[in-house]
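Counted the way my numbering counts, the sequence shown spans residues 2 to 434.
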Amino acid sequence: MNICVIGAGYVGLITSLAFAKIGNNVICVEKNVKKVDSLNNSIPTIYEENLDELLLECLEKKTISFTNKLEYSVRNSDVVFIAVGTPSLENGEVDMSQVHESINEISKYINKYTIIVNKSTVPVGSQKFVKNLLIKNGVSSDNFDVVSNPEFLREGKALYDFFYGDKIVIGHESQRARNVMNLLYKPFNIPIIFTNPETAELIKYTSNAFLSTKISFINEIANLCNKIGADIDTVALALGLDKRISPEFLRPGIGYGGSCFPKDTLGLISIGQKYDCPFEIVKSAVSVNNKQRVIPVDLLLSEYDDIKNKTITLLGLTFKSGTDDIREAPSLYIIEELLKKGAKINAYDPMVSDEIREMFPNIKYFDNMNESILESECVVICTDWEEFKDLDLDFVKDNMKEAFIIDGRNMLSLDEAKKRNIKYYSIGKGYTN
Ligand code: UDX
């Protein structure tokens with residue numbers, strides 16, 4: 002099929018490449034000319050496992066191209082995916098302005114039956130909103146169908162998830178649209194749930210809010226474990242063996258971040274407000290997460306009478322390992338709080354981005370884990386990068402001003418820390434006295 006994808010951000014790029022890989026002709030339209038040039042020259046604009054090879058392969062086979070011009074692509078496509086940004090507004094509502102703008106643009110060019118697919122995470126009712134906007138803009142209702150097709154991709158594993166996901170959700174109103182979407186997704190051999198648009202839109206929020214709640218729940222249990230001497234890994238293992246619960250998303254830590262969970266939990270709460278459904282559980286999951294991510298700050302403040310000019314090393318800045326994304330990362334909140342209190346910050350992350358350097362120009366960035374902890378008072382592990390498991394505790398003992406580790410992702414062993422007389426705090430796996 003001929004496919005147009007609007008937006009070469011995370012979702013747009015992965016969607017474009019996956020459809021191009023299986024032999025469709027894809028044009029990805031992106032406003033940012035720098036991104037367009039980069040992608041056409043086979044230089045990825047995001048970090049994602051196996052993306053470089055796939056981009057090169059699709060460009061060589063000419064199944065994909067990138068442009069900033071919409072007209073040709075829309076006029077020549079069977080399906081147009083909207084994959085533009087839908088960030089949260091201050092009040093938790095979803096900012097639909099980019100979707101709005103894209104629909105206004107494509108309205109000018111639809112001249113034959115085209116399926117418009119909402120791929121961005123959009124509030125319940127967005128399919129109707131898009132449909133009404135197209136009609137208002139003068140597009141004949143015979144010439145389009147609007148489909149809701151949320152994505153469930155994990156950053157870092159997004160291509161894998163696209164090809165081997167658990168489910169595909171298609172919210173549609175016509176048999177014609179259903180047939181086209183079925184044909185498009187059939188080669189992936191993943192179960193497809195066909196439903197109405199409202200249900201499809203709600204599934205995305207429900208899924209992300211549920212997973213966020215699962216994490217906040219295990220984090221609260223982990224906090225209790227530290228107080229009563231229980232071990233969170235064993236609790237989580239036992240829980241996960243119950244098939245009704247599953248072992249996934251039971252890893253405790255200093256909270257979830259990223260582009261989806263924080264945004265979609267607030268999004269669901271905001272949808273609930275409109276329909277008098279207060280979502281008390283999701284509100285609590287958010288509030289637990291807000292507290293969880295600053296646990297290291299609370300510990301530091303209770304450890305030192307005055308934290309001013311103390312040097313604290315943060316290991317890991319990204320919201321999780323396997324990505325360079327820092328959106329809503331707990332590290333950002335920790336840095337902000339510590340800087341406010343006058344602490345000095347060293348930071349090491351294997352994927353440190355220019356974005357965070359610009360955001361916090363006053364912290365010291367290191368290319369090497371060991372160098373970043375020299376002469377510092379405390380190490381706070383914020384991200385679950387594998388290499389942090391190899392932190393040499395003898396080196397820590399010999400080279401830090403005071404050997405104190407707050408292990409926000411449970412990467413190290415309490416017993417090993419104890420052996421070396423290192424002050425150590427984990428999330429639900431105990432701490433030294
Ligand atoms: C998530 C969803 O998994 C995906 O389906 C959706 O489309 C987008 O949001 P992503 O944000 O890439 O994907 O990351 P994910 O791996 O789900 O982790 C989200 C956050 O939860 C991270 O900060 C991670 O560190 C945290 N997390 C995850 C935990 O703290 N504990 C866990 O057990 C799992």
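Where is the CB? At the ideal position from N, CA and C, for every residue including glycine.
All values derive from a computational prediction rather than experimental measurement.
heavy atom of the ligand UDX below 7 Å from residue i C-beta
i	result
Cys261	yes
Ser91	Per the sequence shown, residue 91 should be read as Glu rather than Ser. It does not: the Cβ of Glu91 is nowhere closer than 7 Å to a heavy atom of the ligand UDX.
Phe250	yes
Leu14	no
Lys435	The question about residue 435 has no answer here: the residues shown for the chain are numbered 2 through 434.
Tyr257	yes
Asn144	no
Lys63	no
Lys321	yes
Asn209	yes
Glu152	yes
Ile194	no
Arg155	yes
Gly268	no
Leu135	no
Ile216	yes
Gly254	yes
Leu242	no
Leu212	yes
Own chain residues within Cβ distance below 6 Å of residue i, not counting five before or after
i	result
Ala344	Ile308, Lys311, Ile313
Burial state of residue i (16 or more Cβ within 10 Å)
i	result
Phe396	exposed
Cys278	exposed
Gly122	Contrary to the premise, residue 122 reads as Thr rather than Gly in this sequence. Thr122 should be labelled buried.
Ile428	buried
Glu388	exposed
Ser332	buried
Asn209	buried
Arg410	buried
Lys430	buried
Glu378	buried
Val118	buried
Val34	exposed
Ser141	exposed
Thr235	exposed
Leu57	exposed
Ser98	exposed
Tyr73	exposed
Contacts around residue i, its chain only, beta-carbon distance under 7 Å, and the 5 residues preceding and following it disregarded
i	result
Thr200	Gly172
Lys22	Leu55, Cys59
Lys32	Asn69
Arg76	Tyr110, Asn112
Phe164	Ala19, Phe189
Ile357	Leu318, Ile327
Val95	Thr87, Ser89, Val123, Pro124, Gly268
Val289	Ser217, Asn220, Glu221
Neighbourhood of residue i by C-beta, 8 Å cutoff - its chain only, sequence neighbours within 5 removed
i	result
Lys158	Glu50, Gly323
His101	Leu134
Lys398	Ala404, Arg421, Asn422, Ile423
*asked:* Using 8 Å as the cut-off, can you tell me whether the segment 271-281 makes contact with the segment 215-228, which would need three or more C-beta pairs spanning the two stretches below that distance?
replied: With a cut-off of 8 Å on Cβ pairs, the segment 271-281 is not in contact with the segment 215-228, counting fewer than three such pairs.
*asked:* Under 8 Å, with one C-beta from each stretch per pair, do the segment 31-44 and the segment 164-182 reach the 3-pair mark?
replied: no
*So does the segment 259-267 actually touch the segment 292-309, counting three or more Cβ pairs closer than 8 Å?*
no
_Quick check: the segment 142-151 against the segment 110-129, are at least 3 beta-carbon pairs closer than 8 Å?_
Flag = yes, the segment 110-129 and the segment 142-151 touch.
*Could you give the uninterrupted runs of the beta strand (DSSP E) lying entirely in the segment 88-123, keeping only those of 3 residues or more?*
DSSP runs (the beta strand (DSSP E)) wholly in the segment 88-123: 115-119.
*Counting only runs of 4+ residues fully inside the segment 241-297, write out the alpha helix (DSSP H) ranges in chain order.*
Taking only runs of at least 4 residues, the alpha helix (DSSP H) segments lying wholly in the segment 241-297 are 262-275, 281-293.
*Along the chain, which unbroken stretches of the alpha helix (DSSP H) at least 4 residues long are found entirely within the segment 301-363?*
331-341, 355-360
*Touching by the beta-carbon criterion (3+ pairs, under 8 Å), the segment 254-263 and the segment 211-220*: yes
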